[in-house]
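Chemist: Just passing along the structure, written as structure tokens.
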Amino acid sequence: MERTLTAQLPQRVGERVRLLGWVHHIRQLGSISFLLLRDRTGLCQAVTAEPERFKLNQIQRESIVELLGRVKPEPQARQGVELELEELKILITPVAPLPFEVNRSRKKLNLKLDMLLDHRAFSLRNPEFGAVFRVQAEIVNTFREFLRQAGFLEVHTSKIIAAGTEGGTALFPIQYFEQKAYLAQSPQFYKQMLVGAGYERVFEVGFVYRAEDHATSRHINEYLSLDYEMGFIQSFRDVTRLENQLLKVMVEKLKNNCAAELEILGARLPEVGEIPELHFRDARAILKKDYGRNTEGMIDLDPEAERQLCDYAGKVYNSEFIFITHYPRKTRPFYTMWDPDDPEYTFGFDLLFRGLEVTTGSQRIHDYNMLVENIRRFGLQPENYDFYLEIFKYAVPPHGGLAIGAERLTQQFLGLANVREASLFPRDRFRLTP
RNA sequence: GGGCCCGUAGUGUAGCCUGGUUUAACACGUCGCCCUGUCACGGCGAAGAUCGCCAGUUCAAAUCUGGUCGGGCCCGCCA
């Protein structure tokens, strides 16, 4: 008999079906007993008045079983249907005690993050932890679909590189035969080069690596970067407007395709209207005036400032997102275009969402001479960037782009306390397994 | 790199300040018995911990001190 999935049961009322899955829970109430079966589509309840016949009290949780039975409507059951158990076959049983209960709510389990991650594959059986990555898949899928429709080409650039992108953050060195190489901290150079290659609009979904020695709830050393880069822009606002649109579509998609996951996670989606933007200079003034911050010499936003500006966006614009634009030149990498009318500031921006930076982007410098000059001004040697600079000699259009941290975006959509919960197998300062 | 904090049954916690009535407690899980409609089922009972590790102080250490190993959070930096 063909396998039926638990989610299909409401359409199979009256039929005899065969189910496969894990034993999520067994509840024996004397002579009536329930077995909750879990498969990739969800849970269903099998019922029997003969627990002895199926030796229910001998079945270990998380065993894999095959159930045969008839689907009957039952208003008291969760999905309105349940399986009248006729046959039960135990296919595979656990050979060790379970590390923790997987059939409870996250709150009830109250697991330490370390326990959760040490037993990652097992913890994902919990419908709540598992739901995080169904949502993340939808986020990534929407990113792809949306950009394809907007005329972007999906590209895959090398994660093994010869020189660092921006100088700033630490790189992981690797041995590449007889040469020294590094893991890419960003596809930045390559996506710009591909704009110049004539594709004009490219995007990439890929891991990037940062050897930063930090330990916070928002950092991991390998993260999924959602990048796009677009040519022939008139201003950096072409880039931010597109992200605004993307987020609008994303929230709609999540609403439609992940309703069950969002519900079990207790997540509330944001309303995405027109995302307000704030010049860095104005942001600083607000921090000083409304939040009593000492903003003297402030050239970047610390996490507290990011939370405060989101608080401000909520109060003044009724928005959970806010673009902070025109970051000072000192804090932005050499390829960032500055504002010719206000050259202390750049056309670089961040998107803050519920108190956390989830995107960085900018308009880039597209003029060859300007770029070389700026590399020198940063104390770097243009020769080291020849592979990147070459295409700029042959005319690259005005362009800009951004990068979204997929785990951070997932974290903020779902209200997760730690970004590691939004990474399947996170790599942090001390964790290299599983 | 700087600061703060935590390691107690399979899991999550209490006890630690103020050392001794503690046979180390509670909840979930596990095992056994009871219960026709549960869905965090319920009831009764049982097993399960040399209190991360090492050393010190003391008549006495889960409790105080030092070291060590493991972990968490915040900051710098970043997505």
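Residue 900 in the working numbering sits at position 311 of the first sequence, and the numbers go up by one each step. Beta carbons are placed, not taken as given, at the ideal position from N, Cα and C, and that holds for glycine. In this text the structure is predicted, and so the values were computed from the model without any measurement.
Look at the alpha carbon of residue 541 and the alpha carbon of residue 634, and state the distance between them as a whole number of angstroms.
Modeler: Beyond the ends of the chain as shown, which are 590 and 1023, falls residue 541; an answer cannot be given.
Chemist: Select from 675, 605, 600 the residue whose C-alpha is nearest the C-alpha of residue 636.
Modeler: Counting from one through the first sequence, the residue named residue 636 turns up at place 47. For the residues 675, 605, 600, the minimum Cα distance to residue 636 belongs to 675.
Chemist: Tell me whether the beta-carbon of residue 876 lies closer than 8 Å to the beta-carbon of residue 894.
Modeler: Indexing the first sequence from 1 puts residue 876 at position 287. Indexing the first sequence from 1 puts residue 894 at position 305. In this structure, residue 876 sits near residue 894, with a CB-CB distance shorter than 8 Å.
Chemist: Can residue 655 and residue 609 be called in contact, C-beta distance under 8 Å?
Modeler: Numbered from its first residue, the first sequence carries residue 655 at position 66. Numbered from its first residue, the first sequence carries residue 609 at position 20. The answer is yes: Cβ separation under 8 Å.
Chemist: Pull up the CB-CB distance for residue 935 and residue 957, whole angstroms please, since I reckon it's below 8 Å.
Modeler: To locate residue 935, count along the first sequence from 1; it is residue 346. To locate residue 957, count along the first sequence from 1; it is residue 368. Contact doesn't hold; Cβ gap of about 19 Å is too wide.
Chemist: For residue 887, collect the residues of the same chain with a Cβ closer than 7 Å to its Cβ; drop the 5 residues on either side in sequence, then sort them by chain order.
Modeler: On the first sequence, residue 887 is found 298 positions in, with the first residue counted as 1. Correct list, in chain order: 873.
Chemist: Which partner residues does residue 775 have in the DSSP bridge list?
Modeler: As a working mapping, residue 775 is identified with position 186 in the first sequence. In DSSP, residue 775 forms no bridge with anything.
Chemist: Using only CA atoms, which one of 932, 671, 830 lies nearest to residue 870?
Modeler: For the purposes of this step, residue 870 is identified with residue 281 of the first sequence, where counting begins at 1. Of 932, 671, 830, the residue nearest in Cα terms is 932.
Chemist: Taking the straight line between their C-alpha atoms, what separation do you get for residue 689 and residue 697?
Modeler: Working through the first sequence from its first residue, we reach residue 689 at position 100. Working through the first sequence from its first residue, we reach residue 697 at position 108. In a straight line, the C-alpha of residue 689 is about 12 Å away from that of residue 697.
Chemist: Within this structure, are the beta carbons of residue 822 and residue 738 separated by less than 8 Å?
Modeler: Here residue 822 corresponds to residue number 233 of the first sequence, with the count starting at 1. Here residue 738 corresponds to residue number 149 of the first sequence, with the count starting at 1. No, the Cβ-Cβ distance between residue 822 and residue 738 is not below 8 Å.
Chemist: Might you give, ordered along the chain, the residues of its own chain that have their beta carbon closer than 7 Å to the beta carbon of residue 806, omitting 5 neighbours on each side?
Modeler: Locating residue 806 in the first sequence gives position 217, where the first residue counts as 1. Once the five neighbours on either side are set aside, the close Cβ partners of residue 806 are 1006, 1007, 1008.
Chemist: Out of curiosity, what's the CA-to-CA distance linking residue 774 and residue 929?
Modeler: Counting from 1 along the first sequence, the entry for residue 774 is found at position 185. Counting from 1 along the first sequence, the entry for residue 929 is found at position 340. One C-alpha to the other measures close to 29 Å.
Chemist: Decide if residue 553 is buried, meaning its Cβ has at least 16 other Cβ atoms within 10 Å, or exposed.
Modeler: No answer is possible for residue 553: it lies beyond the span of the chain, which begins at 590 and ends at 1023.
Chemist: Which residues in the same chain as residue 602 place their Cβ atom closer than 8 Å to its Cβ, once the five residues preceding and following it in sequence are excluded?
Modeler: Position 13 of the first sequence, counting from 1, holds the residue named residue 602. Excluding residues within five positions, the ones whose Cβ falls inside 8 Å are 660, 661, 662, 670.
Chemist: Would you check if the distance between the CB atom of residue 990 and the CB atom of residue 780 is smaller than 8 Å?
Modeler: For the purposes of this step, residue 990 is taken as residue 401 along the first sequence, with counting starting at 1. For the purposes of this step, residue 780 is taken as residue 191 along the first sequence, with counting starting at 1. Their beta carbons are under 8 Å apart, which means residue 990 touches residue 780 by this criterion.
Chemist: Can you give me the C-alpha to C-alpha distance between residue 624 and residue 631, rounded to a whole angstrom?
Modeler: Indexing the first sequence from 1 puts residue 624 at position 35. Indexing the first sequence from 1 puts residue 631 at position 42. Taking the straight line from one Cα to the other gives about 14 Å.
Chemist: Once the 5 residues before and after residue 686 are set aside, which same chain residues still bring their CB inside 8 Å of it?
Modeler: Against the first sequence, residue 686 aligns to sequence position 97. Closer than 8 Å at the Cβ level, and outside the excluded window around residue 686, lies no residue.
Chemist: How many angstroms separate the CA atom of residue 896 from the CA atom of residue 937?
Modeler: Sequence index remark: in the first sequence, residue 896 carries index 307 (1-based). Sequence index remark: in the first sequence, residue 937 carries index 348 (1-based). Between the alpha carbons of residue 896 and residue 937 lies a distance of about 19 Å.
Chemist: Is it buried or exposed for residue 965, if we count other Cβ within 10 angstroms and need 16 for buried?
Modeler: As a working note, residue 965 is residue 376 in the first sequence. With fewer than 16 other Cβ atoms within 10 Å, it is exposed.
Chemist: Cβ atoms of residue 694 and residue 717: under 8 Å apart, would you say?
Modeler: In the first sequence, residue 717 corresponds to position 128, counting from 1. In the first sequence, residue 694 corresponds to position 105, counting from 1. Contact: yes.
Chemist: From the DSSP output, in three-state form, read off residue 1004 for me.
Modeler: Position 415 of the first sequence, counted from the first residue, corresponds to residue 1004. Three-state result, residue 1004: coil.
Chemist: Assign residue 694 to one of three DSSP states: helix, strand, or coil.
Modeler: Counting from one through the first sequence, the residue named residue 694 turns up at place 105. DSSP places residue 694 in coil when its eight states are reduced to three.
Chemist: Opposite residue 991 in the DSSP bridges: which residues?
Modeler: If you number the first sequence from 1, residue 991 lands on position 402. 817, 950.
Chemist: In terms of residues, what are the limits of the alpha helix (DSSP H) holding residue 712?
Modeler: Working through the first sequence from its first residue, we reach residue 712 at position 123. From DSSP, the alpha helix (DSSP H) with residue 712 extends over 709–712.
Chemist: Assuming residue 740 is part of the beta strand (DSSP E), what are its boundary residues?
Modeler: By 1-based counting over the first sequence, the position of residue 740 is 151. In the DSSP annotation of this structure, residue 740 is not part of any beta strand (DSSP E), being labelled neither H nor E.
Chemist: Determine the direct distance from the alpha carbon of residue 639 to that of residue 619, and round the result to whole angstroms.
Modeler: Reading the first sequence from its first residue, position 30 is the one you call residue 619. Reading the first sequence from its first residue, position 50 is the one you call residue 639. The straight-line gap from Cα to Cα measures roughly 9 Å.
Chemist: Is it true that the CB of residue 995 sits closer than 8 Å to the CB of residue 813?
Modeler: Position 224 of the first sequence, counting from 1, holds the residue named residue 813. Position 406 of the first sequence, counting from 1, holds the residue named residue 995. Yes, they are a contact pair.
Chemist: Which of helix, strand or coil does DSSP assign to residue 780?
Modeler: By 1-based counting over the first sequence, the position of residue 780 is 191. The answer is helix: DSSP assigns residue 780 an H, G or I state.
Chemist: When the distance is taken between beta carbons, is residue 863 closer than 8 Å to residue 833?
Modeler: Residue numbering aside, residue 833 sits at position 244 when the first sequence is read from its first letter. Residue numbering aside, residue 863 sits at position 274 when the first sequence is read from its first letter. Yes; because the gap between Cβ atoms is below 8 Å, this pair is in contact.
Chemist: By DSSP's criteria, residue 795 is part of a beta bridge. Which residues make up the other side?
Modeler: The sequence position of residue 795 within the first sequence is 206, counting from 1. According to DSSP, residue 795 bridges with 814.
Chemist: Helix, strand or coil: how does DSSP classify residue 906 here?
Modeler: For this step, residue 906 is matched to residue 317 along the first sequence. Here residue 906 sits in helix by DSSP.
Chemist: Just checking my contact of residue 835 with residue 791 at CB under 8 Å: how many whole Å lie between their CB atoms?
Modeler: Within the first sequence, the letter at position 246 stands for residue 835. Within the first sequence, the letter at position 202 stands for residue 791. Contact flag wrong, Cβ pair sits at about 15 Å.
Chemist: One question on the structure: do residue 797 and residue 729 come within less than 8 Å of each other, judged by their Cβ atoms?
Modeler: Reading the first sequence from its first residue, position 208 is the one you call residue 797. Reading the first sequence from its first residue, position 140 is the one you call residue 729. In terms of Cβ geometry, residue 797 and residue 729 do not form a close pair [threshold 8 Å].
Chemist: What are the boundary residues of the alpha helix (DSSP H) that residue 880 is part of?
Modeler: Indexing the first sequence from 1 puts residue 880 at position 291. Taken as a continuous stretch (DSSP letters only), the alpha helix (DSSP H) holding residue 880 covers 869–880.
Chemist: Quick check on DSSP: helix, strand or coil for residue 770?
Modeler: Here residue 770 refers to the residue found at position 181 when the first sequence is read from its first residue. Here residue 770 sits in strand by DSSP.
Chemist: Between the C-alpha atoms of residue 959 and residue 735, what's the straight-line distance to the nearest angstrom?
Modeler: Reading the first sequence from its first residue, position 370 is the one you call residue 959. Reading the first sequence from its first residue, position 146 is the one you call residue 735. Residue 959 and residue 735: Cα-Cα distance of roughly 33 Å.
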